[in-house]
Amino acid sequence: MATRAQRVRRRRRPTWSLFTERRKPSEYEVVTHKFHYHFRREPAPFELDPNMPVNRWYLKYREGSPFQVDDWEKFRDPDRLTYRTYTERQREREIYVDNLIDEFEQNDHYAHLSREWVQLLERLYVPSRFSGHVLQMVALYVAQMAPSSYITNAFYFQGANELRRVQRTAYLTKAISLDHYPELADSDRTRRTWEEEEHWQPMRELLEKLLIAYDWGEAFVALNLVVKPAYDALFNGQLAGLARQNGDELLALMADDFDLDSQWTRRFTRALVEYAVEHRPENRGLVQEWVEKWTPLARRAVAGLAPLFAQAPQPVAAEAVVQAVEQQVQAFQNECGLAS
Amino acid sequence: MPKLERSEWYDLARDMNWHFKYVKEEEVFPEELSNSYGIPTEAWWTWDEPYKVTYREYVRNQSVKDTSVYSVKAAIARSELFKHVDPGWKSAIIAHYGAIAIPEYLASIGEARMARFGRAAAWRNMALYGTLDETRHGQIQVFFPYGLLEHTPQFDWALKTFHTNEWGAIAARHLFDDMFTANDAVSTAIQLTFVFETGFTNLQFLGMAADAMHVGDVEFGALISSIQTDEARHAQQGEPTLKIFLQHGKKEEVQRLIDIMFWRSWRIFALLTGLSMDYYTPMEYRSMSFKEFMEEWIIKQFMDQFRDFGTDFPWYWDIFLDELDWYHHAIHLGVWFWRPTVWWNPDAGVSPEEREWLEAKYPGWNDNFGVWWDTITENVRRGEIEKTLPQTFPVVCNICQIPIVTPADPKKRHVAPYTLDYEGRRYQFCSEPCKWIFETNPARYAGHMSIIDRFLAGHIQPPTVEGALAYMGLTPDVMGKDATDYAWAFEQDGAESAAA
Chain A
1 MATRAQRVRR
11 RRRPTWSLFT
21 ERRKPSEYEV
31 VTHKFHYHFR
41 REPAPFELDP
51 NMPVNRWYLK
61 YREGSPFQVD
71 DWEKFRDPDR
81 LTYRTYTERQ
91 REREIYVDNL
101 IDEFEQNDHY
111 AHLSREWVQL
121 LERLYVPSRF
131 SGHVLQMVAL
141 YVAQMAPSSY
151 ITNAFYFQGA
161 NELRRVQRTA
171 YLTKAISLDH
181 YPELADSDRT
191 RRTWEEEEHW
201 QPMRELLEKL
211 LIAYDWGEAF
221 VALNLVVKPA
231 YDALFNGQLA
241 GLARQNGDEL
251 LALMADDFDL
261 DSQWTRRFTR
271 ALVEYAVEHR
281 PENRGLVQEW
291 VEKWTPLARR
301 AVAGLAPLFA
311 QAPQPVAAEA
321 VVQAVEQQVQ
331 AFQNECGLAS
Chain B
1 MPKLERSEWY
11 DLARDMNWHF
21 KYVKEEEVFP
31 EELSNSYGIP
41 TEAWWTWDEP
51 YKVTYREYVR
61 NQSVKDTSVY
71 SVKAAIARSE
81 LFKHVDPGWK
91 SAIIAHYGAI
101 AIPEYLASIG
111 EARMARFGRA
121 AAWRNMALYG
131 TLDETRHGQI
141 QVFFPYGLLE
151 HTPQFDWALK
161 TFHTNEWGAI
171 AARHLFDDMF
181 TANDAVSTAI
191 QLTFVFETGF
201 TNLQFLGMAA
211 DAMHVGDVEF
221 GALISSIQTD
231 EARHAQQGEP
241 TLKIFLQHGK
251 KEEVQRLIDI
261 MFWRSWRIFA
271 LLTGLSMDYY
281 TPMEYRSMSF
291 KEFMEEWIIK
301 QFMDQFRDFG
311 TDFPWYWDIF
321 LDELDWYHHA
331 IHLGVWFWRP
341 TVWWNPDAGV
351 SPEEREWLEA
361 KYPGWNDNFG
371 VWWDTITENV
381 RRGEIEKTLP
391 QTFPVVCNIC
401 QIPIVTPADP
411 KKRHVAPYTL
421 DYEGRRYQFC
431 SEPCKWIFET
441 NPARYAGHMS
451 IIDRFLAGHI
461 QPPTVEGALA
471 YMGLTPDVMG
481 KDATDYAWAF
491 EQDGAESAAA
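Going down the list, the sequences are from chains A and B.
Heads up: the first sequence begins at 1 in this note's numbering, then just goes up one per residue.
Heads up: the second sequence begins at 1 in this note's numbering, then just goes up one per residue.
In structure tokens:
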């Protein structure tokens, strides 16, 4: 005779044998749990010669990273995004941005922007598709190196959000150029600004160096706790404020919307830092060290671009921009439990 | 809608190429993750994708596609449809999910590698969509079998297979790691997108979708045809990469990449799709034989591509064409015989009627393969099932990791395995192309141990069939059994009913 408990167990819907918690997994967990069978696999992550170059790369920068916990598989993105929920969410958001643009275009928005403002955009905003693209590249690097698919997928979506912002920047650039001057949409000219203009060089230096931060833990910390929080504070928050006071409400509203993407990034970043520290307290010091290592470069990058805010027709003082960004970054790091 | 068409602004979103100043280019694109093949930096910047898509279009299209596929799933889940599906077909989809779901997700890592280490911004953007696509395919192809777990624990292997050392899992990992998970971004664009996706996934996905609809498996059919629409888009990263190779006089290099991966893809598809199409799919629902599908979808497609781009046929083309007639039949015999070593129930697929079909599609099948099945059938009829089960293991190829099979006619063919001695170790290969692949880059493969190498080295304990099954992670409720409980052995010529 089966006991009552056995009968109950038998009736329970079967789940993945790899999902060992007693409760039923959510759809998010069903389609995310333990996809990275290659993490800490013996003798090497991939089924080729254990010493072939990509095996060595993963052993050094993923398994060999000082940023470790015993088990990464219990980490959860607070928004529990799957491919399906991500595309659904972003589809709605893109419809919103389309409608925004449409509404402003009905009112001939670009033609009403002052020439001085457009010239400032050329120096401050238009080149940001280069910097935004680097953030996209680095997100995709962290994604491919992360030890759990719960982390990887979040970085895939973060990278896609960068592409979203870059493409809307490209759109606005082209649209404004049609009502003002064609050189605004001249790629070679924009590339020169990114490569040569003095205000951009500290940002370029920061981002080029970020590209070769190959330890997965360091790449995660540098990108999501230092560089991106500062970058987003500058290009979503501060730029929105500046745009608003210079009569560019469209750019301001778009930046507000991109900041919803950034807020999600900050939510899962905080969750991941808390998880890492909770499961291995030494991680706090390690994260702190990386934050300290990257902060001076990031500060210089922000300080490099801030003077451009002071050159707008309705300016914001460079120092005020620097301080506001600094405050936001600090506040976020504090939220993550990192002492400043 | 915003007033500008995509074409008016799109180029501005893919011009983000620049020269590095604060770091070295070779640090940003290390050769082990992004082999330049000696092609100069700015040459890569001309990379131009044939298919353009924006983020806005992407999330809209994909969200609509997902809604449609998931609603089919929801509708099917309420019906009893799956219970009535033919057992051979069930085996085909159980094999498919175990072998394909996680590799699709692994392909997202390959795509992410191109999205970071691809040598042009336009390419990196396309690879980002590819990354998302493959995440979709991984997630959706574990979600569907998850819904079928109550029917058989074999569906658990949709997630579990790659955590095990089951021999097919080793073979699949070895292939897919070579192709993308452990490959550099540039080679991945040729080997994953140009060879594998443009060429071979058509076969698995369009071919299997057609069969699925005939069988009445609407859920599987809807799923894989939806997947194929994504593949058709992101597979197009291969062509512009190939063009850059050819423009810069790197035909020999790109030809080698193609030849390696065409052969490797053929091996895995013969194993997976060959068996499904010619033995597992119920005969009345087969739209074409595997060979016919290969000729229609693969050979024609590749011949067009070779002609269009000016690359050559792989040097082993005659060997490949010859294998179309026998390789997967031999593998089928092996998989059925070693059925406890797989996570699905192999369908022998050799009832008298099916044998007639096989002989018609593959003249000479009875003489070459039927004779072995005659003996197996006799054993089954006599109730001597143990004679149809393995007591030992076959030799496995050190490249494809698949048991070595060759037709037993020493006058016509090379019967013994091909061997190579390299740095004090002897390697065995199933064929000249597999041996050649090893020789193109021994350091990439030499330190790997096949399941038989592990067995002989004492890694598998106890060194018995039972010990090996445990090593492979197979539990009694999952181990393959004959799909129809040997009904085929008792069918008489011209009669449908079983008469024992």
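We put the CB at the ideal spot given by N, CA and C, even for glycine.
query                                                                                                            : result
Residues that DSSP places opposite Arg13(A) in a beta bridge                                                     : None, per the DSSP bridge assignment.
Interface residues of the stretch 147-169 of chain B facing chain A [CB-CB below 8 Å]                            : Leu149, Glu150, Pro153, Asp156, Leu159, Lys160, Phe162, His163
Assigned secondary structure, Glu335(A) (DSSP; H/G/I helix, E/B strand, else coil)                               : helix
Met145(A) beta carbon less than 9 Å from that of Ala219(A)                                                       : yes
Counterpart residues of Arg425(B) in DSSP-defined beta bridges                                                   : Tyr422(B)
Residue from Ala127(B), Arg119(B), Trp167(B) with nearest C-alpha to Ile402(B)                                   : Trp167(B)
Partners in chain A for Lys3(B), counting only beta-carbon separations shorter than 7 Å                          : Glu105
For Val396(B), the residue or residues it bridges with in DSSP                                                   : Pro403(B)
Neighbour flag for Met137(A) against chain B, beta carbons, 9 Å                                                  : yes
C-alpha gap between Lys250(B) and Asp11(B), whole angstroms                                                      : 27 Å
Partners in chain A for Asp443(B), counting only beta-carbon separations shorter than 8 Å                        : The amino acid occupying residue 443(B) in the given sequence is Ala; Asp does not appear at that position. Within chain A, the residues near Ala443(B) are Asp49, Asn51, Met52.
Classification of Trp9(B) by the beta-carbon crowding that lies within 10 angstroms, buried from 16 upward       : buried
Extent of the continuous alpha helix (DSSP H) to which Arg119(B) belongs                                         : Premise fails: Arg119(B) is in no alpha helix (DSSP H) and is neither H nor E.
Nearest neighbour of His137(B), chosen from Arg256(B), Ile109(B), Asp312(B), Ala43(B) [CA to CA]                 : Ile109(B)
DSSP state of Gly383(B) mapped onto helix, strand, coil                                                          : coil
Coil, strand or helix - Trp290(A) by DSSP                                                                        : helix
Boundaries of the alpha helix (DSSP H) in which Pro352(B) is found, first to last residue                        : 352-361
9 Å Cβ cutoff, Phe82(B) in contact with chain A                                                                  : no
Residue-chain proximity (Val28(B), chain A), Cβ-Cβ < 9 Å                                                         : yes
CA-to-CA distance, Phe220(B) to Ala498(B), given in whole angstroms                                              : In this predicted model, Ala498(B) has a pLDDT of only 41, less than 50, meaning its place in the structure is not dependable; the value taken from the coordinates is given anyway. Rounded to the nearest angstrom, the two C-alpha atoms are 30 Å apart.
Straight-line gap, Leu175(B) to Phe162(B) (C-alpha atoms, nearest Å)                                             : 13 Å
Which listed residue (Gln330(A), Trp216(A), Tyr125(A)) has its alpha carbon closest to that of Asn236(A)         : Tyr125(A)
As assigned by DSSP and simplified to three states, the class of Glu5(B)                                         : coil
Test: Asn530(B) CB closer than 9 Å to a CB of chain A                                                            : Residue numbering for chain B in the displayed model covers 1 to 500; residue 530(B) lies beyond these limits and cannot be assessed.
Phe302(B) versus Gly370(B): straight-line alpha-carbon distance, rounded                                         : 32 Å
Residues that Tyr125(A) contacts on chain B, provided the C-beta gap is smaller than 9 Å                         : The contacting residues do not exist; Tyr125(A) stays about 13 Å from chain B at best.
Alpha-carbon spacing of Phe320(B) relative to Glu423(B), whole angstroms                                         : 30 Å
Given Cys434(B) as reference, the closest of Thr188(B), Glu5(B), Gln236(B), Ile399(B) once Cα atoms are compared : Ile399(B)
Contact list for Phe143(B) against chain A, beta-carbon separation under 8 Å                                     : Glu27, Val30, Val31
Buried or exposed by the 16-neighbour rule on C-beta atoms within 10 Å, applied to Ile101(A)                     : buried
The stretch 439-473 of chain B: positions lying closer than 8 Å to chain A by Cβ                                 : Ala443, Arg444, Tyr445, Ala446, Gly447, His448
The stretch 167-179 of chain A: positions lying closer than 7 Å to chain B by Cβ                                 : Gln167, Ala170, Tyr171, Thr173, Lys174, Ala175
C-beta atoms of Lys361(B) and Ser450(B) nearer than 9 Å                                                          : no
Residues within the stretch 118-145 of chain B neighbouring chain A, beta-carbon criterion of under 7 Å          : Ala121, Arg124, Asn125, Leu128, Thr131, Leu132, Thr135, Arg136, Gly138, Gln139, Val142, Phe143
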